[in-house]
Amino acid sequence: MRKKLLSICLSALFVVPFIVVAEEEPCKIIPKAGKVYEAGFCIDTVNMCLELPDGILYGDCFREVVIE
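Residue numbers -22 to -1, 1 to 46, in mature numbering (1 follows the signal peptide of the UniProt record, and there is no 0), belong to the letters of the sequence shown in order.
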């Protein structure tokens, strides 16, 4: 019984971080009026939209640009 309980607890520890990351979905941002966005590229394994390197014009996600 203890081994089964331990295995369930360990499984929950490994599953919860992935669920939390997937809920944020920064790669699926829909641009809204009044904000400025730039193209970025999405890394699916970490679910992040990163800045495009110089010279690359097309991306597959949007990043919000903060204007100061």
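Where is the CB? At the ideal position from N, CA and C, for every residue including glycine.
With a floor of 3 residues, list each beta strand (DSSP E) that falls wholly inside the stretch 10 to 35, ordered by position along the chain. 14 to 21, 26 to 29
Which first and last residues belong to the beta strand (DSSP E) in which residue 48 is found? This structure gives no information on residue 48, because the portion of the chain shown stretches from -22 to 46.
Counting C-beta neighbours from all protein chains within 10 Å, is the total for LEU35 16 or more, i.e. buried, or is it exposed? exposed
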